[in-house]
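Colleague: So the sequence lines, in the order shown, correspond to chains V, G, B and C. Position 136 of the first sequence, counting from 1, maps to 136 under full-length UniProt numbering, and the rest follow consecutively. Position 192 of the second sequence, counting from 1, maps to 192 under full-length UniProt numbering, and the rest follow consecutively. Position 75 of the third sequence, counting from 1, maps to 75 under full-length UniProt numbering, and the rest follow consecutively. Position 203 of the fourth sequence, counting from 1, maps to 203 under full-length UniProt numbering, and the rest follow consecutively.
Protein chains: 4
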Amino acid sequence: MPPSATADETPLRRKLMDAALELFDERTWDGTNVPEIAARAGVAVGTIYRYFPNKQALGEAVFTEAKAAFADAVVTDAVRAADPVTAIGLVWHHQVAFALAYPQAFSFLEHQVHGSYLRPQAYEVVHRLDAELVEILRAAQAAGAVRAGDPQVLLSMAFGAFVGVTKHSRASGVPLGEYDLEGVREAVMSLIGLTGPGSPDAA
Amino acid sequence: MPPSATADETPLRRKLMDAALELFDERTWDGTNVPEIAARAGVAVGTIYRYFPNKQALGEAVFTEAKAAFADAVVTDAVRAADPVTAIGLVWHHQVAFALAYPQAFSFLEHQVHGSYLRPQAYEVVHRLDAELVEILRAAQAAGAVRAGDPQVLLSMAFGAFVGVTKHSRASGVPLGEYDLEGVREAVMSLIGLTGPGSPDAA
Amino acid sequence: MPPSATADETPLRRKLMDAALELFDERTWDGTNVPEIAARAGVAVGTIYRYFPNKQALGEAVFTEAKAAFADAVVTDAVRAADPVTAIGLVWHHQVAFALAYPQAFSFLEHQVHGSYLRPQAYEVVHRLDAELVEILRAAQAAGAVRAGDPQVLLSMAFGAFVGVTKHSRASGVPLGEYDLEGVREAVMSLIGLTGPGSPDAA
Amino acid sequence: MPPSATADETPLRRKLMDAALELFDERTWDGTNVPEIAARAGVAVGTIYRYFPNKQALGEAVFTEAKAAFADAVVTDAVRAADPVTAIGLVWHHQVAFALAYPQAFSFLEHQVHGSYLRPQAYEVVHRLDAELVEILRAAQAAGAVRAGDPQVLLSMAFGAFVGVTKHSRASGVPLGEYDLEGVREAVMSLIGLTGPGSPDAA
DNA sequence: TATGAATGAGAGTTCATTCAT
DNA sequence: AATGAATGAACTCTCATTCAT
Chain V
1 MPPSATADET
11 PLRRKLMDAA
21 LELFDERTWD
31 GTNVPEIAAR
41 AGVAVGTIYR
51 YFPNKQALGE
61 AVFTEAKAAF
71 ADAVVTDAVR
81 AADPVTAIGL
91 VWHHQVAFAL
101 AYPQAFSFLE
111 HQVHGSYLRP
121 QAYEVVHRLD
131 AELVEILRAA
141 QAAGAVRAGD
151 PQVLLSMAFG
161 AFVGVTKHSR
171 ASGVPLGEYD
181 LEGVREAVMS
191 LIGLTGPGSP
201 DAA
Chain G
1 MPPSATADET
11 PLRRKLMDAA
21 LELFDERTWD
31 GTNVPEIAAR
41 AGVAVGTIYR
51 YFPNKQALGE
61 AVFTEAKAAF
71 ADAVVTDAVR
81 AADPVTAIGL
91 VWHHQVAFAL
101 AYPQAFSFLE
111 HQVHGSYLRP
121 QAYEVVHRLD
131 AELVEILRAA
141 QAAGAVRAGD
151 PQVLLSMAFG
161 AFVGVTKHSR
171 ASGVPLGEYD
181 LEGVREAVMS
191 LIGLTGPGSP
201 DAA
Chain B
1 MPPSATADET
11 PLRRKLMDAA
21 LELFDERTWD
31 GTNVPEIAAR
41 AGVAVGTIYR
51 YFPNKQALGE
61 AVFTEAKAAF
71 ADAVVTDAVR
81 AADPVTAIGL
91 VWHHQVAFAL
101 AYPQAFSFLE
111 HQVHGSYLRP
121 QAYEVVHRLD
131 AELVEILRAA
141 QAAGAVRAGD
151 PQVLLSMAFG
161 AFVGVTKHSR
171 ASGVPLGEYD
181 LEGVREAVMS
191 LIGLTGPGSP
201 DAA
Chain C
1 MPPSATADET
11 PLRRKLMDAA
21 LELFDERTWD
31 GTNVPEIAAR
41 AGVAVGTIYR
51 YFPNKQALGE
61 AVFTEAKAAF
71 ADAVVTDAVR
81 AADPVTAIGL
91 VWHHQVAFAL
101 AYPQAFSFLE
111 HQVHGSYLRP
121 QAYEVVHRLD
131 AELVEILRAA
141 QAAGAVRAGD
151 PQVLLSMAFG
161 AFVGVTKHSR
171 ASGVPLGEYD
181 LEGVREAVMS
191 LIGLTGPGSP
201 DAA
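#1: Taking Cβ positions only, does Q141/C come closer than 8 Å to chain B?
#2: Please classify residue 261/B: is it buried, with 16 or more other beta-carbons within 10 angstroms of its beta-carbon, or exposed?
#3: Please report whether the beta-carbon of Q121/B lies at a distance below 8 Å from any beta-carbon of chain C.
#4: Under the rule that 16 or more other beta-carbon atoms within 10 Å means buried, what is V79/V, buried or exposed?
#5: Under 7 Å: does the beta carbon of A148/G sit that close to some heavy atom of the ligand MG?
#6: Put P200/C into one of helix, strand or coil per three-state DSSP.
#7: From what residue to what residue does the alpha helix (DSSP H) around G173/C run?
#8: Rounded to whole angstroms, what's the CA-CA distance from Q112/B to A68/C? Just pull it up for me.
#9: In the structure shown, what three-state DSSP assignment does P53/B receive?
#10: Please say whether G177/C and M157/B have beta carbons closer to each other than 8 Å?
#11: Of the choices F98/C, H168/C, R138/C, F52/C, whose alpha-carbon is the least far from that of I192/C?
#12: Say whether chain V places a C-beta atom closer than 8 Å to the C-beta of V146/G.
#13: For R13/G, I'd like the list of residues in its chain whose CB is within less than 8 Å of its CB, leaving aside the five on either flank, ordered along the chain.
#14: State the DSSP-derived secondary structure class of V9/B, mapped to helix, strand or coil.
#15: Taking the alpha-carbon of V174/G as reference, which of V146/G, L109/G, V153/G, P103/G has the nearest alpha-carbon?
#16: Measure from the C-beta of H93/G to each C-beta in chain V and report whether the shortest distance is under 8 Å.
#17: When you compare the CB of D180/C with every CB in chain B, is at least one pair closer than 8 Å?
#18: If we count the other Cβ atoms within 10 Å of its Cβ and call it buried at 16 or more, is V96/C buried or exposed?
#19: Return the CA-CA distance between G198/B and H94/C, expressed in angstroms with no decimal places.
#20: Give every residue of the same chain whose Cβ lies closer than 7 Å to the Cβ of T195/G, excluding the five residues on either side of it in the sequence, and list them in chain order.
#21: With R40/G as the anchor, note down where its alpha helix (DSSP H) starts and where it stops.
#22: Can you give me the Cβ contacts of E110/C inside the same chain, cut-off strictly under 6 Å, excluding the 5 residues immediately before and after it?
#23: Between the UniProt domain "HTH tetR-type" (10-70) of chain C and chain B, which residues of the former have CB atoms less than 7 Å from a CB of the latter, in chain order?
#24: If you reduce the DSSP assignment to three classes, tell me which class E186/G lands in.
#25: Would a C-beta distance cut-off of 8 Å place E186/V and L118/V closer than the cut-off?
#26: Can you look up L194/B in the DSSP assignment and give me helix, strand or coil?
#27: When you compare each of K15/B, A39/B, L181/B, K55/B to W29/B by their alpha carbons, which one comes out closest?
#28: Any beta carbon from chain V within less than 8 Å of G89/G's own beta carbon?
#29: Using the three-state DSSP reduction, which class does H111/B fall into: helix, strand or coil?
#30: Give the single residue among T64/C, G183/C, A81/C whose Cα lies nearest to the Cα of P120/C.
#31: I want to verify the contact list: residues of chain B whose CB lies under 9 Å from the CB of G173/C, in sequence order.
#32: Which chain G residues sit within Cβ distance under 7 Å of F159/V?
#33: Tell me which residues share the same chain as A161/B and place their Cβ nearer than 8 Å to its Cβ, disregarding the 5 neighbours each side in the sequence.
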């Protein structure tokens, strides 16, 4: 999986998290059973319990790691240092790059409901990322570069639009990379009403 | 639930479908157990099996009914009769009305992954609705009223943007009705690049 | 079913006993469920409980009636009045006639184990019939007309031989009537070592 | 149980098969529930499902093993090599020895109806044994050593006579060994009309 | 009197978790 | 440290029985 792994990394723990992520993405947490995870990771069932106290903890670890990796990938120091408009372009770029590099992590995180196994504290990463992105949008609004309105809603729409495309990619079986992602970017920039320099790759 | 219910309606069957929808929305199909459904419906466990051969069939019935109700609500005869641009406005309006009237059905349908209990044929409604909406977008593109690009992707983005808002509503606990839905509509119309008469309520 | 029905006969009770006998013969008592019996009898489930307090009582009634009918058919007054050798011939004849007339009752009674639903008192008919037949054999032995040895064992063998034929008939699907029953009789008479006038139909 | 056990033997699997045979004999397959089997075998319920996919498969395994053990015990190479008359004597001897050594297996196999849980293929052993024994009787008839008539019927009678004795033994609670089995043998030999050297133990 | 929808205890089965090896 | 057979609570489903109609 992506970097930002927790400290106590181990080859087996890594294999377990990867196998679990794959299966949770395919079948959801509730729909996956522990022996399957062990089988996919190529270890015995008992081994799982040397690394995680129970299935719920494994679920939380997988979710938290994936979400943290996404957050770290999307909001980099460069994003924090940039002006709002540039930041938005960077964020978009990073988000797409993450979804391309880790499609399973992305769809596990964004196409499912996670209430059954996450304790409230697991949402901290989510909220922190949310807050940072909302702040960027707010700043962009203040600069008159982005449409008015609740920036949280703006964010939900923009991100939702992209998630919509990844859902379609997953349902159709066509890899995200084969879509016209530049077209998607332009449409979403229209959605948020962004004017000015859009693509970070632009000259 | 919404109209378009299957022929063999019965008060108890109705109560079971409603209770099941609520729980599937809260906890997913895999995360809900049969006694809970019975309890919520106020009947004994065995009663469920007088109306559905098994839990999977109940899941399919709930999903299919909700999706069909959504499809019927969104693509009405008026939509089919209208010109593309008007049709888009109507569709948007209907979709929002459905999400406001049946928030649980909407989030059950759109915030989850349903692979574990639906047989392929259950997706027929999904595909039919999809095809109709794509056709409307295609016609609008032909008329030069909507941004170019794969209409399927355009649809995924536009619908995804709205789903993003409903997700946020659900996560925050703020009812969808308290959001600035007119603002959302305008943003999404910009997303698809729609020009011309937008809101069906507009003078 | 055969005569000797219990006093409180009723058309519905009769249909229920007949349907139950058929099903118990096909699937055993444990393997038959109450709704099936109702369906076969053409009545509603609840009706069964107006005639029998529970499934076990129905089982006992069916078993007891069938066994009593068999006993009454086999040991008639004529048998009781006859000399041992003639009695044996008559008993054989009656037994075969019963198995031909009521194959389901016969195989239900003789091809199965009934321990799970009969209270000890239900075996009284069995023991009474047994005792009468054993007495006939003992008298025949005393007259030197039948092989020596425990008459109970002799009876078990002779009856078992016939049951063996009915089992084969049932397994092969060939009705008992198509077998060479006269040959069977002669063989069994040899088994018990009976000399003298054998067949009651003989000139 | 008897030898001829299937390859994948295991102490627990053995205990389960033994416990199941006992209970199926006492209460029939339909009348026995899974927790009882587990309790009798001294294991937890779940353990059963590590060795058998379901209750039906356990029933089939028990039936098939017992029947195969019986067939192997009865028709040995010595039987196949012997002349028909000697073979009949040996078969009789083996059958009695099996019933003495494994009374539960014998009565489970022969006092019950097994239709509810056996797939047709489970009857293959039954038919193979039957065919071999019928062939022996046919050869004996050809040699003029045994009564004329359908050899299948002759077999059913002879075996049925012995089964009749085991049924009585079971019902009365008197172990089979306390019966005059030599007398039983002689009677059955008369039944099939066997002349010539009877008992294999005879000088 | 007869019905059959409703019941819930108990059946068969699954699976997260433990622990002797 | 890793294993996987064993466990038993909890699941899905069945069916004997009840009772309002």
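Just so you know, even glycine gets a beta-carbon here, dropped at the ideal spot from N, CA and C. Computed from a predicted structure; not experimentally measured.
Modeller: Taking the structure as given:
#1: Interface flag for Q141/C against chain B is unset, since no Cβ pair is found closer than 8 Å.
#2: This structure cannot settle anything about residue 261/B, because the visible part of chain B is limited to 1 through 203.
#3: No, because no Cβ of chain C sits closer than 8 Å to the Cβ of Q121/B.
#4: It is buried - the Cβ of V79/V has at least 16 other Cβ atoms within 10 Å.
#5: Annotation note on the ligand MG: not contained in the displayed structure, which lists no ligands.
#6: Only weak support exists for where P200/C lies, its pLDDT of 45 falling under 50; the coordinates are left without a value.
#7: Here G173/C belongs to no alpha helix (DSSP H), and DSSP marks it neither H nor E.
#8: Between the alpha carbons of Q112/B and A68/C lies a gap of roughly 22 Å.
#9: In this structure, DSSP gives P53/B a state outside helix and strand, which the three-state scheme calls coil.
#10: Taking 8 Å as the cut-off, the Cβ atoms of M157/B and G177/C do not count as close.
#11: When each option's Cα is compared against that of I192/C, the closest is R138/C.
#12: Closer than 8 Å: no.
#13: Cβ within range, chain order: Y51.
#14: The amino acid at residue 9/B is misidentified as Val; the sequence shows Glu. Note: E9/B maps to coil in three-state DSSP.
#15: That would be P103/G, whose Cα lies nearest to the Cα of V174/G.
#16: It does not; no Cβ of chain V falls within 8 Å.
#17: Closer than 8 Å to some Cβ of chain B, the Cβ of D180/C qualifies, so yes.
#18: So V96/C ends up on the buried side.
#19: With a pLDDT of only 45 at G198/B, under 50, the local geometry of the prediction cannot be trusted, and the value read off the model is given with reservation. Linking G198/B to H94/C through their CA atoms gives a straight-line distance of about 33 Å.
#20: Counting only residues of its own chain and dropping the five nearest sequence neighbours on each side, T195/G has a CB closer than 7 Å to the CB of A145.
#21: Unbroken alpha helix (DSSP H) run through R40/G: 34-41.
#22: Result list for E110/C: V163, in chain order.
#23: Result list: R27, T28, D30, G31.
#24: In this structure, E186/G counts as helix in the three-state DSSP scheme.
#25: Not in contact: E186/V and L118/V (Cβ atoms no closer than 8 Å).
#26: L194/B: coil per DSSP, three-state reduction.
#27: Nearest C-alpha to W29/B: K55/B.
#28: Chain V contact via Cβ: absent.
#29: Coil at H111/B, not helix or strand.
#30: Ranking T64/C, G183/C, A81/C by Cα distance to P120/C puts T64/C first.
#31: When 9 Å is used as the limit between beta carbons, G173/C is near no residue of chain B, the shortest such separation being about 13 Å.
#32: By Cβ distance, chain G contributes G164.
#33: These residues qualify, in order along the chain: V184, A187, V188, L191.
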